[in-house]
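Asks: Can you read through this structure? Questions will come right after.
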Ligand code: MG
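In our numbering, the protein residues as written are 44 to 398.
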């Protein structure tokens with residue numbers, strides 16, 4: 044038996060930490076002297092004490108450590124992997140927000156729509172598909188705002204319409220400066236969530252939202268749910284958004300391959316969306332616009348049935364946004380059209396010289 048002092052030294056933990064772990068049931072002493080209350084530990088407890096210490100260094104909360112320590116090693120390993128995937132996802136989210144703030148604070152002074160030499164050419168198209176009785180998607184493209192919303196539940200159609208209508212206030216907002224985009228977007232998204240609430244306060248009804256707001260030299264992205272934004276740049280297609288779905292979180296945690304996700308029975312399960320019942324927590328990001336960039340926003344009615352390689356081909360093959368959105372929707376319907384499908388395509392182009 045080791046005294047708490049000797050055990051602390053051997054495990055590189057402090058006696059104070061050991062007393063805390065005892066109280067939290069993380070690591071009970073092998074024996075407590077009934078007379079003096081002194082704690083004694085067995086040498087065999089060293090390994091567990093060190094594991095606790097390492098997990099603490101990883102930043103894992105104590106309650107979670109207790110669960111991990113109770114598991115057999117393979118399950119504990121899986122639990123640590125999943126924990127770390129969540130930490131990385133949260134860090135990525137904070138990194139994006141930091142990037143947004145940095146970009147916003149380094150915007151060229153006086154930037155506004157009247158100063159810009161770039162503009163958008165755009166088109167939107169939404170289709171019921173071949174199976175669903177109604178179209179619950181809403182797609183919109185205007186000179187400043189591009190948006191796709193995919194409603195679900197009993198009032199899904201009105202919900203996605205309300206979300207896009209609510210965001211359209213950004214089309215009319217005076218003086219969208221790069222410096223206040225984050226506040227404008229955040230306010231618009233909270234208004235959109237209230238609009239969903241006005242349509243239906245039921246938990247079963249909600250909508251995704253993937254939208255781009257044009258500032259004159261940049262595109263601010265707001266994204267919640269499993270609609271997607273892609274960027275075609277230099278011939279390559281890049282997915283700009285991260286699906287807020289159960290299957291994506293399983294892929295992130297290394298528990299599912301992207302190939303397995305395609306046929307997963309719960310592939311449509313959303314972890315985050317605009318509902319009337321919870322505050323909205325969208326991803327926000329600021330993209331520099333380059334002449335020649337082509338953006339695609341789409342609902343899962345496209346991405347679930349048309350592979351990225353085919354989407355890329357179609358985006359490259361059709362020169363105008365109008366042709367591209369119709370070709371993409373047709374491709375989804377050729378693949379069976381199992382869901383509503385919406386596409387917005389926008390090209391960043393040099394504006395014609397003034398005068
Ligand atoms: Mg859908």
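All C-beta atoms in this analysis are idealised placements derived from N, C-alpha and C, irrespective of residue type, glycine included.
For residue 279, which three-state DSSP category applies?
Replies: Strand, per DSSP.
Asks: Please confirm if the stretch 163 to 175 is in contact with the stretch 236 to 248, defined as three or more CB-CB distances below 8 Å between the two stretches.
Replies: The stretch 163 to 175 is not in contact with the stretch 236 to 248.
Asks: Is residue 376 close to ligand 1? I mean its beta-carbon at under 8 Å from any heavy atom of the ligand.
Replies: Not so, every heavy atom of ligand 1 lies at least 8 Å from the Cβ.
Asks: Kindly list the residues whose CB is nearer than 8 Å to the CB of residue 322, restricted to its own chain and excluding five residues on each side of it in sequence; keep chain order.
Replies: Closer than 8 Å at Cβ, skipping near neighbours: 233 and 236.
Asks: Pull up the distance between the alpha-carbon of residue 330 and that of residue 64, whole angstroms please.
Replies: Each residue's Cα considered, the two are about 47 Å apart.
Asks: Report yes or no: do three or more beta-carbon pairs, one from the stretch 267 to 280 and one from the stretch 108 to 120, lie closer than 8 Å?
Replies: Contact fails: fewer than three Cβ-Cβ distances are below 8 Å.
Asks: Quick check on the DSSP output: what are the complete beta strand (DSSP E) runs of length 3 or more inside the stretch 70 to 130, in order along the chain?
Replies: Listed in chain order, they are 82 to 84.
Asks: Could you work out which residue in 104, 141 and 114 is closest to residue 126 when comparing CA atoms only?
Replies: Here the closest residue by C-alpha is 104.
Asks: So, helix, strand or coil for residue 54, using DSSP?
Replies: Note: residue 54 maps to helix in three-state DSSP.
Asks: Considering only their Cβ atoms, is the gap separating residue 206 from residue 342 smaller than 9 Å?
Replies: Not a contact, by the Cβ cut-off of 9 Å.
Asks: Let's see if you can read the secondary structure: which residues bound the beta strand (DSSP E) around residue 313?
Replies: First-last for residue 313: undefined, no H or E at that position.
Asks: Classify residue 267: buried if its beta carbon has 16 or more other beta carbons within 10 angstroms, exposed otherwise.
Replies: Residue 267 should be labelled buried.
Asks: Whose CA, out of 333, 54, 225 and 74, lies closest to the CA of residue 144?
Replies: Here the closest residue by C-alpha is 225.
Asks: What residues match up with residue 165 in a beta bridge as DSSP calls it?
Replies: Partner(s): 389.
Asks: Please classify residue 141: is it buried, with 16 or more other beta-carbons within 10 angstroms of its beta-carbon, or exposed?
Replies: Looking at its Cβ environment, which holds fewer than 16 other Cβ atoms inside 10 Å, residue 141 is exposed.
Asks: Quickly, what does DSSP pair residue 190 with across the bridge? List them, please.
Replies: According to DSSP, residue 190 bridges with 183 and 254.
Asks: Is residue 342 near ligand 1, judged by its Cβ being under 8 Å from some heavy atom?
Replies: Result yes, Cβ under 8 Å from ligand 1.
Asks: Determine the contact status of residue 74 and residue 44, defining contact as a CB-CB distance below 9 Å.
Replies: Yes, the pair counts as a contact, with Cβ atoms nearer than the cut-off.
Asks: Counting pairs of beta carbons, one from the stretch 119 to 135 and one from the stretch 80 to 90, are three or more of them closer than 8 Å?
Replies: Segments in contact, no.
Asks: Just to check my reading of the structure: residue 251 and residue 193 have Cβ atoms closer than 8 Å, yes? What is that Cβ distance to the nearest angstrom?
Replies: With a Cβ gap of about 4 Å, residue 251 and residue 193 count as contacting.
Asks: Out of 255, 149 and 360, state which residue places its alpha-carbon closest to the alpha-carbon of residue 183.
Replies: The shortest Cα separation from residue 183 among 255, 149 and 360 belongs to 255.
Asks: Alpha helix (DSSP H) containing residue 228: first to last residue?
Replies: Run containing residue 228: 224 to 242, per the alpha helix (DSSP H) assignment.
Asks: How big is the Cα-Cα spacing for residue 246 and residue 344?
Replies: The straight-line gap from Cα to Cα measures roughly 22 Å.
Asks: Answer yes or no: the CB of residue 193 versus the heavy atoms of ligand 1, is any distance below 8 Å?
Replies: Under cutoff, so the answer is yes.
Asks: Mind checking which residues open and close the beta strand (DSSP E) that includes residue 369?
Replies: No beta strand (DSSP E) holds residue 369; the alpha helix (DSSP H) holding it covers 364 to 377.
Asks: Regarding residue 383 and ligand 1, is the C-beta to nearest heavy atom distance less than 8 Å?
Replies: Yes, the Cβ of residue 383 comes within 8 Å of a heavy atom of ligand 1.
Asks: What first and last residue would you give for the beta strand (DSSP E) that runs through residue 290?
Replies: Careful: residue 290 lies outside any beta strand (DSSP E), inside the alpha helix (DSSP H) at 289 to 295.
Asks: Which partner residues does residue 330 have in the DSSP bridge list?
Replies: 262.
Asks: Which residues does DSSP pair with residue 318 in a beta bridge?
Replies: According to DSSP, residue 318 bridges with 249.
Asks: Pairing CB atoms from the stretch 365 to 382 with CB atoms from the stretch 276 to 295, are three or more of them under 8 Å?
Replies: These segments do not touch.
Asks: Per DSSP, residue 267 forms a beta bridge with which residues?
Replies: DSSP, once it has assigned bridges, lists 252 as partnering residue 267.
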